[in-house]
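Numbering (UniProt numbering), first residue to last: 1 to 399.
This is how it looks when you write it as structure tokens:
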């Protein structure tokens with residue numbers, strides 16, 4: 001039976017903080033309980049990511065990335081996130097899944113922010129999600145915060161990100177770098193921690209992540225196009241983490257090992273006006289390759305869907321995949337939270353010799369956050385033979 005939890009920290013929020021990457025405004029009544037929207041409302045929310053972003057910095061091809069600076073926040077862009085998923089196993093070989101995400105949304109374009117903000121001014125909204133999954137159990141929580149970009153104080157702010165030394169946090173949910181060697185990327189070694197729930201139903205994790213490969217830049221040197229009209233984001237990943245640590249579920253600790261994938265993305269107008277959600281795959285294949293692939297609903301040159309992906313070698317070399325080199329086909333749907341959600345897919349990338357079935361072993365991975373979505377572990381098989389080929393994560397929005 002699915003188990004759910006919501007942990008909301010408003011810290012003075014006068015209104016509901018809606019899911020940062022889904023809704024672009026803060027209008028409503030404060031609430032802490034999970035909220036589910038209708039299909040029509042959900043489609044409108046996701047389509048809102050194509051709304052005009054006048055006054056904000058736009059993600060463009062040719063943007064020069066600099067590190068460690070770009071591991072930190074970009075407050076003049078409207079949207080941003082630090083998004084980690086992990087496929088783990090306990091000492092008995094039983095699979096577990098973990099998610100940790102920190103979202104940022106700017107309330108006003110830079111020119112509209114006061115030069116001398118008052119003590120209660122807050123132009124940046126923050127939200128964090130965490131989840132633990134094992135078998136039929138799926139526990140999740142969310143938290144919220146507001147911070148002003150001009151008077152930010154990392155020592156006192158409830159939420160934020162610093163680039164050097166790297167630290168991302170909301171309350172005591174945190175992702176912290178432990179890199180001290182010169183020349184090493186700040187994300188090469190991290191500690192990830194989050195806890196929620198009462199003592200007898202405690203869930204969470206404390207994990208150590210060690211990168212075994214380089215950062216990956218998607219698309220055109222980090223610019224990932226999201227529609228034929230040119231909207232997109234700056235998108236980088238660290239898909240090479242080896243993980244060890246402890247996961248707690250139902251108040252019981254489990255020693256775990258496995259793999260993790262961290263996505264970093266920022267944008268001001270992520271989608272086109274005719275797009276209404278996405279299906280997003282991050283896969284660890286058994287031969288050491290990785291694959292990121294997504295299908296955006298609408299935005300294609302022929303009025304259809306917009307597909308894109310990145311093929312990543314074990315050494316970190318990349319090949320961009322467009323809709324002529326990639327195909328994503330739903331095969332089976334499952335009834336989840338009153339919706340029909342595709343939980344079994346066929347993924348084909350002929351130039352890479354891929355013809356895969358990607359299937360969720362458990363359909364009940366619905367995230368009943370302020371604006372809801374599906375996210376969970378998937379297993380990867382050869383489509384013809386059924387032989388195991390890997391594991392990963394799938395996120396689906398707009399259902």
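Yeah, the Cβ is synthetic: ideal placement off N, Cα and C, and Gly gets one too.
- For residue 111, the three-state secondary structure derived from DSSP is helix.
- Excluding its 5 nearest sequence neighbours in each direction, residue 110 has C-beta neighbours in its own chain below 6 Å: 76, listed in chain order.
- By the beta-carbon neighbour count (other beta carbons within 10 angstroms, threshold 16), residue 331 is exposed.
- Segment contact: the region 298-306 against the region 130-150, fewer than three CB-CB distances shorter than 8 Å; contact not assigned.
- Residue 225 sits in a strand when the DSSP states are folded into three classes.
- Looking at the DSSP output, residue 193 bridges to 174, 206.
- Non-local C-beta neighbours of residue 395 in its own chain, meaning closer than 6 Å and more than five positions away in sequence, comprise 280, 375, ordered along the chain.
- Closest option to residue 130, judged by alpha-carbon separation, among 217, 298, 248: 248.
- Here DSSP, grouped into helix, strand and coil, assigns residue 217 to strand.
- The Cβ atoms of residue 132 and residue 98 sit closer than 7 Å to each other.
- The beta carbon of residue 189 sits closer than 8 Å to the beta carbons of 177, 178, 179, 208, 209, 210, 211 from its chain, once the five residues preceding and following it are set aside; these are given in chain order.
- Three or more beta-carbon pairs drawn from the region 66-85 and the region 161-168 are found closer than 8 Å, and the two stretches are therefore classed as touching.
- Taking the C-beta atoms as reference points, residue 84 is found no nearer than 7 Å to residue 96.
- Secondary structure of residue 287 (DSSP, three-state): coil.
- Taking all protein chains shown into account, residue 335 has fewer than 16 neighbouring C-beta atoms within 10 Å of its C-beta and is therefore exposed.
- Around the Cβ of residue 255, a 10 Å sphere holds fewer than 16 other Cβ atoms; the residue is exposed.
- A direct Cα-Cα distance of roughly 5 Å separates residue 260 from residue 241.
- At a Cβ-Cβ threshold of 7 Å, residue 168 and residue 68 do not count as neighbours.
- For residue 357, the closest of 365, 364, 135, 348 by C-alpha to C-alpha distance is 348.
- Under DSSP, residue 235 takes part in a beta bridge, and its partners are 265.
- Assigned with DSSP and collapsed to three states, residue 69 falls in helix.
- Per the coordinates, the alpha-carbon of residue 318 lies some 43 Å from the alpha-carbon of residue 114.
- According to DSSP, residue pairing for residue 142 in a beta bridge involves 129.
- Beta-carbon to beta-carbon, residue 251 and residue 235 are separated by about 37 Å, too far to satisfy the 8 Å threshold.
- If you draw a 10 Å sphere on the C-beta of residue 315, you find fewer than 16 other C-beta atoms in it, and that means exposed.
- Counting the other Cβ atoms within 10 Å of the Cβ of residue 92 gives fewer than 16, which makes it exposed.
- Nearest C-alpha to residue 291 among 226, 244, 217: 217.
- Less than 7 Å divides the Cβ of residue 148 from the Cβ of residue 122.
- Classified as exposed, residue 54 has fewer than 16 neighbouring CB atoms from the shown chains inside 10 Å of its CB.
- DSSP places residue 355 in the strand class (E or B) of the three-state scheme.
- Between residue 285 and residue 295, the gap from beta carbon to beta carbon reaches 7 Å or more.
- In this structure, residue 377 sits away from residue 81, with a CB-CB distance that is not shorter than 7 Å.
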